[in-house]
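Using this note's numbering, the first residue of the sequence shown is number 14, and each one after it goes up by one.
Where is the CB? At the ideal position from N, CA and C, for every residue including glycine.
Only a predicted model underlies this, so the values are computations on that prediction, with no experimental measurement involved.
What follows is a short report on a single structure.
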Amino acid sequence: RTLHQRFNDLQDPAPVPLDTDYASVIDSDVPIVVQHTRLDSRQAENALLSTVAYPVS
């Protein structure tokens with residue numbers, strides 16, 4: 014299964030402020046692999062960053 018979550022769409026408990034740096038913590042009670050991708054579309058020259066995190070043994 015996959016979940017594609019846009020941080021811009023988050024509203025609960027509060028929306029992510031625009032133009033503000035932020036961090037995220039992904040927490041799970043089972044081992045998961047997380048791929049976090051960020052698209053910076055503020056300028057015409059888009060920047061894309063992606064990283065993958067694996068569970069710790």
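Cβ of residue i within 8 Å of Cβ of residue j?
{"i": "H49", "j": "T33", "result": "no"}
Using C-beta distances below 6 Å, list every residue in its chain close to residue i, excluding the 5 sequence neighbours before and after it, in chain order.
{"i": "L62", "result": "R51"}
Could you name the residues of the same chain whose beta carbon sits closer than 8 Å to that of residue i, not counting the 5 residues immediately before and after it, in chain order?
{"i": "Y67", "result": "V46"}
{"i": "N59", "result": "L52 and D53"}
Below 7 Å CB to CB, which residues in the same chain sit around residue i once its five sequence neighbours on both sides are set aside?
{"i": "I39", "result": "V47"}
{"i": "P23", "result": "Contrary to the premise, residue 23 reads as Leu rather than Pro in this sequence. Excluding positions up to five away in sequence, the list reads V29."}
Using the C-alpha atoms, what's the distance from residue j back to residue i?
{"i": "T25", "j": "T15", "result": "Before going on, a small fix: residue 25 reads as Asp here, not Thr. If I take the Cα positions, the gap works out to 20 Å."}
{"i": "S37", "j": "L31", "result": "15 Å"}
{"i": "S44", "j": "R55", "result": "Position check: residue 44 holds Pro in this sequence, whereas Ser was assumed. Approximately 34 Å between the Cα atoms of the pair."}
{"i": "N21", "j": "Y35", "result": "12 Å"}
Should residue i be flagged as near chain D, meaning a C-beta pair shorter than 8 Å?
{"i": "Q56", "result": "This model lacks chain D altogether; it includes just one protein chain."}
- prompt: Which runs of the beta strand (DSSP E), 3 residues or longer, sit entirely within the region 24-53?
  reply: Taking only runs of at least 3 residues, the beta strand (DSSP E) segments lying wholly in the region 24-53 are 47-53.
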